[in-house]
Amino acid sequence: CLILLSNHSTVSEFMFLGLTNSWEIQLLLFLFSSVFYMASMMGNSLIFLTVTSDPHLHSPMYFLLANLSFIDLGVSSVISPKMIYDLFRKHKVISFSGCITQIFFIHIIGSVEMMVLLIAMAFDRYVAICKPLHYLSIMSPKMCILLLLSAWIIGLTHSLVQLVFVIKLPFCGPNIIDSFYCDFPRFLKLACTDTYRLELMVTANSGFISLGSFFILIISYIFILVTVQKHSSGSLSKALSTLSTHVMVVILFFGPCIFVYIWPHPTSHLDKFLAVFDAVLTPFLNSIIYTFRNKEMKVAMRKVCSQFIIYRRIS
31 CLILLSNHST VSEFMFLGLT NSWEIQLLLF LFSSVFYMAS MMGNSLIFLT
81 VTSDPHLHSP MYFLLANLSF IDLGVSSVIS PKMIYDLFRK HKVISFSGCI
131 TQIFFIHIIG SVEMMVLLIA MAFDRYVAIC KPLHYLSIMS PKMCILLLLS
181 AWIIGLTHSL VQLVFVIKLP FCGPNIIDSF YCDFPRFLKL ACTDTYRLEL
231 MVTANSGFIS LGSFFILIIS YIFILVTVQK HSSGSLSKAL STLSTHVMVV
281 ILFFGPCIFV YIWPHPTSHL DKFLAVFDAV LTPFLNSIIY TFRNKEMKVA
331 MRKVCSQFII YRRIS
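Each residue of the sequence shown is one higher than the one before, counting from 31 in my numbering.
Right under this line is the structure:
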């Protein structure tokens with residue numbers, strides 16, 4: 031694909047305008063992004079290591095949580111390192127193939143987290159709350175693997191379908207992107223041809239899928255709460271406590287995606303702010319939200335940390 035792209039284009043690299051020209055704000059962004067990037071990497075790595083190493087956490091819910099943490103490691107790594115590296119550089123450039131690669135991984139990773147893993151976690155909570163006696167039979171290891179495979183197949187298909195159309199576009203003129211990373215909305219505007227239909231396709235493929243998935247999740251949570259209230263009003267508070275964390279993650283993840291792809295009059299500065307939030311802060315908040323109120327997870331994480339400290343002292 032990258033070879034075909036280079037044959038259709040005379041542009042060899044793109045230049046980012048970045049986030050801001052203010053040195054003070056750049057320094058603040060550097061500290062903010064670096065701290066939360068490292069915290070996100072360590073937090074999600076610890077969750078993944080804890081779930082895989084502790085036999086008590088080998089259940090469907092923690093299996094999905096470990097995979098969400100793995101995906102969040104990818105979300106952090108696709109955009110954040112390049113953004114942090116470019117903050118104090120005068121010429122913020124990325125190769126043509128590097129730009130395409132970044133777009134590819136942004137969409138495949140985002141789709142995996144958006145369309146299936148979060149929906150699968152909502153389904154897991156529905157079965158656990160509404161059908162607890164059938165939980166292990168419904169959320170079997172086979173079902174968990176099937177959900178995970180479906181996530182990656184859907185994500186790969188979503189990303190490739192859009193890139194197939196981009197392959198044929200000629201890029202012969204401007205190469206300046208008013209952002210700090212590559213994505214379809216601004217990338218398509220640099221093509222030396224009319225991309226109106228392609229932009230509509232991207233909006234339909236990314237924007238409406240984001241919006242549709244968001245409403246499916248919110249409706250599913252409402253359905254869970256109504257079902258719980260009908261069967262046992264005393265369990266409603268427990269269900270609310272369990273689902274509140276999921277709702278927070280859904281809003282944090284889908285909010286920026288819906289705005290970037292659906293909003294008819296995009297604002298450059300707001301887009302950049304939301305992109306920084308989505309790339310740096312959301313993966314960190316996911317790890318905090320899903321573990322802060324989970325006693326079993328916190329105990330297991332302390333155990334892993336203490337074992338690591340003992341191992342370091344011995345070695």
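Idealized CB from N, CA, C, for every residue including glycine.
Residue i - DSSP class collapsed to helix/strand/coil
i, result
"F195", "helix"
"F44", "strand"
"F118", "coil"
"A221", "coil"
"S63", "helix"
"S240", "helix"
"S170", "coil"
"S99", "helix"
"C287", "helix"
"T82", "helix"
"S274", "helix"
"N74", "helix"
"Y226", "helix"
"N51", "coil"
"Y211", "coil"
"L32", "Note that L32 has pLDDT 43, beneath the 50 cutoff, so the model's placement of it is unreliable and the number below is only indicative. DSSP places L32 in helix when its eight states are reduced to three."
Start-to-end residues for the beta strand (DSSP E) that takes in residue i
i, result
"V157", "Not the beta strand (DSSP E): V157 falls in the alpha helix (DSSP H), residues L148 to C160."
One or two residues paired with residue i in a DSSP bridge
i, result
"I206", "M45"
"V123", "M45"
Element boundaries [alpha helix (DSSP H), containing residue i]
i, result
"S127", "F126 to S141"
"S89", "Run containing S89: none; DSSP gives neither H nor E here."
"N316", "T312 to F322"
"M327", "K325 to I344"
is_contact[residue i, chain B] using C-beta, thresh 7 Å
i, result
"N324", "Absence of chain B from the displayed structure is noted, only one protein chain being present."
Cβ separation of residue i and residue j, assumed to be a contact under 8 Å, to the nearest whole Å
i, j, result
"S110", "A305", "Contact flag wrong, Cβ pair sits at about 11 Å."
"A152", "Y251", "7 Å"
"M144", "S240", "6 Å"
"S99", "F78", "5 Å"
"L255", "A221", "Not a contact, Cβ separation roughly 46 Å."
"I124", "F44", "5 Å"
"F244", "V280", "7 Å"
"F217", "L49", "Not really, about 18 Å apart at Cβ, beyond 8 Å."
"F289", "M231", "About 19 Å; that fails the 8 Å criterion."
heavy atom of the ligand SAH below 6 Å from residue i C-beta
i, result
"T233", "For the structure depicted, the ligand SAH is absent and the ligand set is empty, with no information on it obtainable."
Should the region 180-193 be regarded as contacting the region 229-242, the criterion being three or more beta carbon pairs within less than 8 Å?
yes
Any 3 or more C-beta pairs closer than 8 Å across the region 224-233 and the region 126-133:
no
If contact is defined by three or more beta carbon pairs under 8 Å, each pair taking one atom from either stretch, is the region 312-325 in contact with the region 83-102?
yes
Does the pairing of the region 159-178 with the region 190-207 give three or more beta-carbon distances under 8 Å?
no
Measuring CB atoms only, is the region 161-178 touching the region 104-124, in the sense that at least three cross pairs come out at less than 8 Å?
no
Do the region 99-108 and the region 66-83 make contact, defined as three or more Cβ pairs closer than 8 Å?
yes
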